[in-house]
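Same order as they appear, the protein sequences are chains A and B.
For the first sequence, the residue numbers in the working numbering are 1 to 338.
For the second sequence, the residue numbers in the working numbering are 339 to 605.
Even glycine gets a Cβ: it sits at the ideal position worked out from N, Cα and C.
The block underneath contains the structure these notes are about, expressed in structure tokens.
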Amino acid sequence: MISVRGLRKYYQVHKRPPGLKAALRSLVHRTYTTVKAVDGISFEIDAGERVGFLGPNGAGKTTTLKVLSGLLYPSEGEVQVDGHVPKRREDAFLKKIMLVMGQKQQLLWDLPPAETFEMNRAIYDVPREQFRETLHELTELLGLQELVSKPTRQLSLGERMKCELAAALIHRPKVLFLDEPTIGLDVSMQSVIRNFIKQYNERYGATLMLTSHYMDDVAALCPRVIVIDKGQLSYDGSLDGLVRRMRPEKRVVLTLERAIDRSALQGLGKVVSVDHAVAVLQVPQEAVSATVSRALAHLPVKDLTVENPPLEEVMSELFSRTQAAHATETNGVRVGAA
Amino acid sequence: MSLARSARALPTLFKVGFLEAVAYRAELLVWVLSTTMPLIMLALWTAVARDAPIGGFGQSDFIAYFLATFVVRQLTGAWVAWEMNFEVRQGTLAMRLLRPVHPFLSYAAENLAALPMRLIVAGPVAVIALILVGSGKITHDPVLWIIWCAAMLGGWLITFMANLVIGCLALYIDSSEKFMGIWLALFFVFSGYLGPIALFPHAVKLVAAWLPFQYQIGFPVQLMTAALARPEALVMLARQWVWVALLVGLTSLLWRGGLRRFAAYGG
Chain A
1 MISVRGLRKY YQVHKRPPGL KAALRSLVHR TYTTVKAVDG ISFEIDAGER
51 VGFLGPNGAG KTTTLKVLSG LLYPSEGEVQ VDGHVPKRRE DAFLKKIMLV
101 MGQKQQLLWD LPPAETFEMN RAIYDVPREQ FRETLHELTE LLGLQELVSK
151 PTRQLSLGER MKCELAAALI HRPKVLFLDE PTIGLDVSMQ SVIRNFIKQY
201 NERYGATLML TSHYMDDVAA LCPRVIVIDK GQLSYDGSLD GLVRRMRPEK
251 RVVLTLERAI DRSALQGLGK VVSVDHAVAV LQVPQEAVSA TVSRALAHLP
301 VKDLTVENPP LEEVMSELFS RTQAAHATET NGVRVGAA
Chain B
339 MSLARSARAL PTLFKVGFLE AVAYRAELLV WVLSTTMPLI MLALWTAVAR
389 DAPIGGFGQS DFIAYFLATF VVRQLTGAWV AWEMNFEVRQ GTLAMRLLRP
439 VHPFLSYAAE NLAALPMRLI VAGPVAVIAL ILVGSGKITH DPVLWIIWCA
489 AMLGGWLITF MANLVIGCLA LYIDSSEKFM GIWLALFFVF SGYLGPIALF
539 PHAVKLVAAW LPFQYQIGFP VQLMTAALAR PEALVMLARQ WVWVALLVGL
589 TSLLWRGGLR RFAAYGG
């Protein structure tokens with residue numbers, strides 16, 4: 001469904017130091033630097049897949065999504081989405097996709113969302129019957145009943161995002177690019193949006209590519225993740241695989257009947273924390289059952305859970321490792337040049 | 339977008355554009371008040387011509403001229419350059435590019451959708467003009483009225499396309515609003531908006547003849563006020579549409595090149 005080969009997107013960025021003098025100098029002499037937003041990434045995504053596209057700020061995620069949706073021309077490389085070359089922006093292509101950006105809106109600001117829905121119906125040439133059916137379904141799933149007739153500017157952020165999603169799906173796109181769809185939303189609204197996206201994917205078999213800084217979104221929605229950093233691919237595989245690779249240990253969380261001394265946990269594994277009657281241990285995967293048996297036998301355990309390390313920690317470790325690798329590479333170049 | 343689909347989408351685009359135009363009542367009132375420059379010029383020129391005609395223009399000629407100017411300006415206005423500048427800088431042009439309808443078509447629909455509101459203002463002015471100056475100052479030639487319709491369309495297209503050209507420049511230089519300022523300054527001088535071109539010095543008239551501005555205002559106004567004979571009107575119409583064709587070509591060139599540079603900032 002989506003094929004990306006050797007994609008590069010470079011920008012020329014004008015740089016100048018702060019201050020009046022620098023501003024005046026920049027009128028006659030400008031310094032440009034080349035920013036490698038995306039630097040040679042390749043991946044394939046099958047129809048119906050849900051893929052998390054992760055990376056730190058400025059990694060090139062949004063740029064890639066914009067190239068895939070035909071907004072940006074790639075500097076190099078080949079990109080295809082359902083057989084279309086996005087940069088050509090053919091109507092048939094635009095009718096199949098949608099890019100939802102959490103920080104941009106397509107809703108008409110001064111009019112109620114119902115007017116945007118109607119406008120999209122006309123633009124995408126959706127038959128009236130299908131429009132009514134889709135709108136009814138979206139209204140039920142997202143709870144839009146009270147919202148569609150209020151001017152968009154008077155809606156809260158969460159209400160607006162629900163309407164944004166509805167507007168984006170009026171034409172039932174086969175490929176959905178979601179860029180931070182839950183940004184700024186409260187926990188319950190995030191969950192509503194997440195569930196809705198999953199239902200849409202399951203019901204229509206739509207292909208989904210999602211960027212988010214909320215790891216709960218990724219964990220709930222994306223069996224597969226692609227990680228990029230500084231424009232380069234650093235991981236492509238299952239979310240579980242990433243966790244196993246980065247943190248092969250599991251966390252055993254013990255809730256005890258009474259507070260115990262840290263020394264009582266010796267020999268069970270690496271002690272991550274002891275907070276009154278709750279102790280967190282980190283143990284290699286193969287030692288989990290032995291650790292659990294010993295803890296149950298020797299400690300006053302009230303409750304016990306075995307967890308993966310938090311996804312945020314896994315990602316943070318991956319990013320710092322990649323950055324360290326980049327730094328080494330850069331130093332190497334400097335030494336070589338000297 | 340296929341022509342058939344565009345045609346089907348247009349009524350909805352017009353409707354949405356109209357609803358947006360009337361969303362703010364106070365803004366609408368301010369806008370109406372801000373388009374009264376020809377009426378101010380009318381007061382000025384009629385006062386000057388109180389004692390004797392100027393260059394063949396008596397008081398009633400000035401009344402007819404400026405009321406016609408007011409009507410033409412109302413019906414041929416466009417403001418896409420500012421909209422595009424804002425959308426390029428904010429990156430929101432991206433939302434238009436995602437839709438299977440050419441952004442120019444949606445801009446055109448939005449601009450033309452304000453026409454009914456403008457007609458509400460322009461209609462009574464046209465009636466007042468007829469009452470004040472009598473029908474003698476307005477052309478009775480049906481052929482000239484047909485040419486006038488084509489000239490109004492041409493006038494709107496020149497205004498709209500010039501806006502698009504300047505809007506497209508924003509794709510290259512991030513902000514091109516100042517170019518619109520220059521365009522408007524030239525427009526005020528050479529279009530006949532501030533006074534009939536016939537009253538200008540010969541050299542200025544010669545320059546004006548080679549520029550597009552008089553085809554935005556002066557030419558349709560001359561048609562309305564019976565200042566042109568048929569052959570002359572047809573020559574000017576041809577020149578006007580040459581400008582339309584040139585601007586369409588330039589817009590298309592700038593748009594295609596500009597899209598390659600579009601950075602879709604933000605988000």
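query                                                                                                                           : result
Under 8 angstroms by beta carbon: chain A residues contacting E358 (chain B)                                                    : L108, D110, L111
Partner residues on chain B for E118 (chain A), Cβ-Cβ distance less than 9 angstroms                                            : T350, K353, V354
Reduced DSSP secondary structure (H/G/I, E/B, other) of I475 (chain B)                                                          : For the sequence presented, residue 475 (chain B) should be read as Lys rather than Ile. DSSP places K475 (chain B) in helix when its eight states are reduced to three.
Strand pairing of G52 (chain A), partner residues [DSSP]                                                                        : A:L210, A:V225
Chain B residues whose Cβ lies nearer than 9 angstroms to that of Y214 (chain A)                                                : Those within 9 angstroms of Y214 (chain A) in chain B number zero; the least Cβ separation is about 16 angstroms.
Buried/exposed call for Y445 (chain B), threshold 16 Cβ in 10 Å                                                                 : buried
Proximity test, Cβ basis, 8 angstroms: R89 (chain A) and chain B                                                                : yes
Beta-carbon proximity check, V28 (chain A) vs K96 (chain A), cutoff 8 angstroms                                                 : no
The region 34-51 of chain A contacting the region 238-246 of chain A, beta-carbon criterion three pairs below 8 angstroms       : no
Under 8 angstroms from the C-beta of Y32 (chain A): neighbouring residues of chain B                                            : None at all; the shortest Cβ gap to chain B is about 13 angstroms.
Proximal residues to L532 (chain B) (C-beta, below 7 angstroms), its chain only, five neighbours per side dropped               : M379, F526
DSSP state of A174 (chain A) mapped onto helix, strand, coil                                                                    : Sequence check: residue 174 (chain A) is Lys here, not Ala. Coil, per DSSP.
One or two residues paired with V306 (chain A) in a DSSP bridge                                                                 : A:V252
Where Y510 (chain B) falls, given that 16 or more other Cβ within 10 Å makes a residue buried                                   : exposed
The region 549-562 of chain B touching the region 473-493 of chain B, judged by at least three CB pairs closer than 8 angstroms : yes
Beta carbon proximity, T589 (chain B) to chain A, threshold 8 angstroms                                                         : no
Selected residue, minimal CA-CA separation from L405 (chain B), among B:M499, B:P462, B:W483                                    : B:P462
Coarse secondary structure for V126 (chain A), derived from DSSP in three states                                                : coil
4 or more residues per run - each alpha helix (DSSP H) lying fully within the region 547-587 of chain B                         : 556-562
Span of the alpha helix (DSSP H) around V292 (chain A)                                                                          : 288-298
Contact list for L71 (chain A) against chain B, beta-carbon separation under 8 angstroms                                        : A432, L435, L436, F600, A602
Residue from A:V301, A:V187, A:L178, A:G6 with nearest C-alpha to L254 (chain A)                                                : A:V301
Residues sharing a beta bridge with Y11 (chain A), DSSP                                                                         : A:V35
Burial state of V4 (chain A) (16 or more Cβ within 10 Å)                                                                        : buried
C-alpha distance - A122 (chain A) paired with G231 (chain A), whole-angstrom precision                                          : 38 angstroms
Residue-chain proximity (M98 (chain A), chain B), Cβ-Cβ < 8 angstroms                                                           : yes
Exposure label - A347 (chain B); buried when at least 16 CB within 10 Å                                                         : buried
Member of B:L507, B:A488, B:A452, B:L470 whose CA lies at the smallest distance from the CA of S425 (chain B)                   : Note that residue 425 (chain B) corresponds to Glu in the displayed sequence, not to Ser. Of the listed residues, the one whose Cα sits closest to E425 (chain B) is B:L507.
Proximity test, W420 (chain B) beta-carbon vs the ligand SAM heavy atom, cut-off 7 angstroms                                    : Inclusion of the ligand SAM in the displayed structure is not the case, the ligand content being empty and no account of it being possible.
Selection from B:T374, B:I401, B:L470, B:L443 that minimises the alpha carbon distance to V386 (chain B)                        : B:I401
Rounded Cβ spacing between S149 (chain A) and P112 (chain A) (contact assumed at less than 8 angstroms)                         : 5 angstroms
Of the listed residues A:T64, A:Y32, A:K21, nearest to G40 (chain A) (C-alpha basis)                                            : A:T64
Against chain B: residues of the region 258-292 of chain A by CB proximity under 9 angstroms                                    : none
Where K95 (chain A) meets chain B, residues with beta-carbon distance less than 7 angstroms                                     : P438
Simplified DSSP state of P284 (chain A), which is helix, strand or coil                                                         : strand
Cβ-Cβ separation, T589 (chain B) to M499 (chain B) (assumed contact under 8 angstroms), whole Å                                 : 5 angstroms
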